[in-house]
Amino acid sequence: MSERGVNMSSMTADSGIDRPPSARPARPAMDLRALLLDHAPFLVACLMLVVIVAVYGSLQSGVFSLDELNLDTTATLTLLLAATGQTIVLMRGGIDLSIGGMVSFGTVLAATRFGGDPGSVILWSAIILAIGFAVGAVNGLLISTLKLQPFLITLATWSILSGASLIVLPTDGGQVPAWWQDFGSAAWLGLASPVWLLILLLVLWYWFRSTRLGIAIKATGSNERSAFLSGVSLTRINLVTYGLSGLFAAAAALYLTTQTGAGSPTIGKDYILPSVAAAVIGGVSLFGGRGSLAGTAVGAFILTIIGNLVFVLHISSYWQPVAQGVILLIAVLASSLAEKAARGQDQ
Amino acid sequence: MDLLEVNGLVKRYGGIVALGGVDFSARAGEVHALLGENGAGKSTLIQILAGAVRHDGGRIRLDGADYAPVNPDEARARGIAAVFQELSLVPDLTVEQNIWFRREPLSRLGTVRGKALRARTLALLDRYGFPHLAPEQEVRRLTLAERQIVEIAKGLASDPKILILDEATSTLPAREAEWVLNLTRQLAGEGRLVVFISHRMGEVRHIADRLTIFRNGETVAAHEANAVSDDVIVSQMLGRKLARLYPERRATATGRLALEVEHLTVGKRVHDVSFALREGEVLGVGGLQGHGQRELFQGLFGAARVKGRLAIWGKPVAINSPRQALTGRDGLALVPEDRRGQGLLLSKSVRENLTVAVIRRFARRGLLSQRKEAALVKEMVDFLRIKAATAEQPAGTLSGGNQQKVVFGKMLLTQARILMLYDPTRGVDVGTKGEIFQLMRDLAAQGYAILFYSSDLPELVHVADRVLVMRNGAIATTLEGDANTEEGILRAAVFEKQAA
């Protein structure tokens with residue numbers, strides 16, 4: 019090739035251009051090890067849940083029953099609803115602290131605005147859900163237009179919503195109708211309504227994640243620049259993800275009032291970090307692009323049942339956050355080890 | 290009438306004119322190469338055509354109709370797909386999800402129909418004879434070369450009238466690069482226009498019907514490919530006669546050993562490799578891609594698990610300690626393979642990139658001496674002739690060649706005298722390549738020891754003093770003097786029995 023004057027020709031261009039490309043031997047598309055490593059965080063979470071339930075069951079009779087399932091689901095559902103929104107936002111590579119404010123705001127609105135008749139309850143439920151979506155959508159728009167970290171924007175809206183909650187209802191109180199409070203004890207085929215809600219949530223998730231929107235959210239969390247170059251509107255994605263997060267926070271608030279029967283302007287803060295923890299324990303990546311609602315549900319159940327376990331062990335309830343922290347560490351460690359192992363395998 | 294006609298296209302970034310009235314026209318059914326140094330305007334032109342960037346003046350006509358896309362979606366809808374150097378794939382989606390991203394076949398429930406997606410993917414891969422890809426594999430598990438191929442599939446998925454390939458072969462091994470070249474001819478045969486950018490003149494010569502040459506944001510000339518000589522092309526690209534690409538090579542190696550490697554094993558990819566690098570020497574590492582060269586560099590730099598013995602400037606060093614920690618005159622410095630990912634912080638300024646590794650040298654009791662830093666940065670910018678408006682310009686906005694110079698500057702500022710260069714000229718224009726080779730020889734003459742991997746055979750032959758040819762993770766042979774030829778390297782790389 020040196021007779022071409024300047025020696026810029028590359029080896030690749032000249033090493034037999036006229037040969038047809040021959041087929042490369044197919045390598046196994048995905049072996050079991052890769053599959054396990056890919057789902058390691060979720061599998062570790064499932065394992066932890068099994069161990070915790072087993073220990074709980076050995077200390078307490080009647081754990082392996084539908085009643086226990088109904089009870090635990092009823093206790094977990096507020097956190098799970100809040101964590102559902104958080105999961106969507108985390109998948110997109112963001113974080114939503116404002117759900118704390120929205121949960122508080124939702125409960126105080128319900129406790130002060132619900133009348134005795136179903137019409138008023140339905141109307142105000144719809145309004146609360148709409149406010150949830152709207153507040154979230156504003157979060158999303160602000161993040162897009164101001165190009166600021168979601169952490170800061172949602173910290174601000176959390177504070178605003180917390181203040182608004184205190185203005186509406188300065189102390190815990192208010193009331194929701196008695197029939198509204200009976201929601202959790204309604205049952206069908208032996209399963210309480212929160213269990214049916216959980217099933218519905220999971221079904222909706224498996225539908226959502228394979229829609230174009232679901233894929234686009236995951237893609238944006240995985241690599242924002244690539245998604246943009248492929249034509250995804252980041253403003254629209256932010257609007258929808260944070261909007262959904264607000265919507266689920268409002269749903270969590272409504273469900274919470276069926277449990278407490280009243281509103282609380284400060285209760286929401288108890289769901290901010292646990293909603294992130296539930297998702298992370300269940301294998302949702304804080305960096306976006308990876309995770310599932312099934313994982314988040316497992317994470318939420320772990321956090322709840324740990325509380326039960328501390329109770330039956332007759333130790334101080336102060337041990338509950340300690341145990342939750344340890345579990346979070348195990349989960350994070352598992353996913354980081356799996357990621358390293360997967361990378362080592364590729365090289 | 291030509292399929293694509295560009296007249297007087299203008300694009301400015303702030304005060305910098307990227308395109309100052311570019312003319313370009315191309316016909317359906319041809320492979321049209323764009324040639325020019327980095328920064329000549331090729332990338333800006335194709336970004337405008339692809340809808341990633343909007344132009345400030347001039348006119349584009351596509352199929353006789355005005356064309357001014359506001360986003361990549363519109364460009365695709367009008368039949369133009371671009372395969373950029375900057376890969377647009379999503380790591381956590383699978384190959385098939387990426388190829389059909391936002392064009393997935395949907396069921397009535399709005400969900401993606403998995404079987405239809407698979408069938409479409411296989412049909413597409415089959416139609417163009419793609420090298421083996423597993424449609425269900427997540428892209429983050431793929432190599433850079435495999436990602437490039439998926440990117441091409443994604444470009445073809447919209448069935449474009451015009452496909453733009455920007456340096457599509459620069460990351461590919463020989464066989465896959467060859468497939469891309471054949472693909473361009475197939476596409477042209479189907480009546481599509483392929484706009485092809487490559488710094489590899491050999492490739493351009495093989496496939497291009499016509500070529501347009503750019504320099505400093507302007508069109509210099511357009512030629513029928515078979516009616517113009519390489520000398521004319523190169524002189525038009527450079528605007529001056531190219532003195533010579535490769536510098537004079539004088540033997541500057543001394544007897545002093547800079548790096549002694551004995552029985553080095555890195556994971557499963559490098560087995561029992563021993564060699565010595567001397568002061569003042571440029572030691573080439575060659576062989577077919579994927580035969581352990583990358584792992585050798587990673588192992589030496591301490592970024593991988595290794596076994597064996599290692600001595601630096603005569604002193605044995607613990608084989609498993611991270612060599613990144615070895616700074617200063619006794620250290621190693623690396624120009625990594627992926628300069629955009631590992632070598633540079635793209636959003637940070639040229640100054641910050643240059644000094645990030647040595648920031649402590651400017652600190653007195655925790656405070657930075659900005660004067661000292663600025664002086665050193667200026668010295669390095671001048672020395673390497675980095676073309677940047679100011680030292681505060683973000684590194685990501687520089688041309689490829691200038692980005693690579695910044696990586697070199699960063700490496701030189703560490704004062705390490707053992708340099709490890711992994712494919713330092715990949716995607717770099719010919720003018721800058723020449724400067725880099727000259728720099729390497731100059732540094733060797735000053736007593737630096739350089740280990741140099743290249744995927745380009747002539748570079749190894751003309752720049753390195755000796756060449757280690759790797760095959761299956763071991764050193765197949767070492768070529769020196771008259772034995773150091775392209776044929777010799779290729780033979781040793783390919784054949785089990787050494788022909789050298």
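Chains A and B supply the protein sequences, listed in that same order.
All the letters of the first sequence, read from the start, carry residue numbers 19 to 365 under the working numbering.
All the letters of the second sequence, read from the start, carry residue numbers 290 to 789 under the working numbering.
We put the CB at the ideal spot given by N, CA and C, even for glycine.
Span separating the alpha-carbon of residue i from that of residue j
| i | j | result |
| --- | --- | --- |
| V73/A | I324/A | 10 Å |
| P462/B | P212/A | 56 Å |
| A146/A | T92/A | Reading off the sequence shown, one finds Ile at residue 146/A, where the question assumed Ala. If I take the Cα positions, the gap works out to 21 Å. |
| T686/B | T679/B | 12 Å |
| Q578/B | V696/B | 23 Å |
| H552/B | N773/B | 24 Å |
| R618/B | R706/B | 6 Å |
| R558/B | L67/A | 39 Å |
| V316/A | I348/A | 14 Å |
| V639/B | A664/B | 13 Å |
| S310/A | A405/B | 24 Å |
| W468/B | L413/B | 15 Å |
| Q727/B | R760/B | 29 Å |
| E326/B | R628/B | 18 Å |
| A322/A | T94/A | Before going on, a small fix: residue 322/A reads as Thr here, not Ala. Roughly 6 Å between the two C-alpha positions. |
| P358/B | A339/B | 8 Å |
| P43/A | E465/B | Confidence at P43/A is low in this model, with a pLDDT of 40, below 50, so its placement is unreliable and no value can be given for it. |
| L445/B | R227/A | 26 Å |
| L355/A | H560/B | 26 Å |
| M526/B | D345/B | 25 Å |
| I70/A | Q426/B | 34 Å |
| A593/B | A352/A | 21 Å |
| V350/A | V302/A | 10 Å |
| R409/B | W389/B | 9 Å |
| D288/A | G118/A | 7 Å |
Limits of the beta strand (DSSP E) - the one that residue i falls within
| i | result |
| --- | --- |
| I290/A | Where I290/A is concerned, there is no enclosing beta strand (DSSP E), although the alpha helix (DSSP H) it sits in stretches over I290 to I299. |
| P683/B | Neither: P683/B is in no beta strand (DSSP E) and is coded neither H nor E. |
| I764/B | A763 to E769 |
| L621/B | L621 to V624 |
| G573/B | V571 to G575 |
| L757/B | R755 to R760 |
Where the alpha helix (DSSP H) containing residue i begins and where it ends
| i | result |
| --- | --- |
| D312/B | Here D312/B belongs to no alpha helix (DSSP H); instead the beta strand (DSSP E) covers I305 to A315. |
| R748/B | Reading the sequence as shown, one finds Glu at residue 748/B and not Arg. Looking at the DSSP string, the run of the alpha helix (DSSP H) that includes E748/B is L746 to V752. |
| R367/B | Counting along the chain, R367/B falls outside any alpha helix (DSSP H), and DSSP gives it neither H nor E. |
| A267/A | L252 to T278 |
| V595/B | From DSSP, V595/B is part of no alpha helix (DSSP H) but of the beta strand (DSSP E) over V595 to I601. |
| N326/A | L311 to V330 |
| W176/A | P168 to V186 |
| N773/B | Per DSSP, N773/B belongs to no alpha helix (DSSP H) and is neither H nor E. |
| G75/A | A58 to L77 |
Beta-bridge pairing of residue i - partner residues as DSSP gives them
| i | result |
| --- | --- |
| W206/A | L209/A |
| T229/A | T400/B |
| F586/B | According to DSSP, F586/B bridges with nothing at all. |
| T501/B | L323/B and A511/B |
| D355/B | R350/B |
| V559/B | V555/B |
| N296/B | R348/B |
| G191/A | G281/A |
| G201/A | According to the sequence shown, residue 201/A is Phe rather than Gly. Its beta-bridge partners do not exist; DSSP assigns none. |
| E549/B | A565/B and A600/B |
Any non-hydrogen atom of the ligand NAD within 7 Å of residue i CB
| i | result |
| --- | --- |
| Q587/B | Among the components modelled here there is no ligand, and therefore nothing to report on the ligand NAD. |
Taking any Cβ of chain B, which residues in the region 252-267 of chain A have a Cβ under 7 Å from it, in chain order?
none
Would you list, in sequence order, the uninterrupted alpha helix (DSSP H) runs of no fewer than 4 residues that lie entirely inside the region 322-347 of chain B?
331-338
Return the residues of the region 297-316 of chain A that lie within a Cβ-Cβ distance of less than 7 Å from chain B, sorted by chain order.
G307 and R308
Residues in the region 84-118 of chain A having any Cβ partner in chain B nearer than 8 Å
none
Against chain A: residues of the region 364-379 of chain B by CB proximity under 8 Å:
R365, F373, E375, L376, S377, L378 and V379
Taking only beta carbons into account, state which residues of the region 389-402 of chain B come closer than 8 Å to chain A, listed in chain order.
F390, R391, E393, L395, L398, G399, T400 and V401
If we require 3 or more residues per run, which beta strand (DSSP E) segments fall completely within the region 448-492 of chain B?
451-455 and 482-486
Taking only runs that begin and end inside the region 667-742 of chain B, name each unbroken beta strand (DSSP E) of 3 or more residues, in chain order.
707-711 and 738-742
What alpha helix (DSSP H) runs, 4 residues minimum, are completely inside the region 94-140 of chain A?
117-131
Against chain A, which members of the region 330-344 of chain B pass a CB distance test of less than 8 Å?
A341
Can you list, in chain order, the residues of the region 229-246 of chain A whose Cβ is nearer than 9 Å to any Cβ on chain B?
T229, R230, L231, G232, I233, A234, K236, A237, T238, G239, S240, N241, R243, S244, A245 and F246
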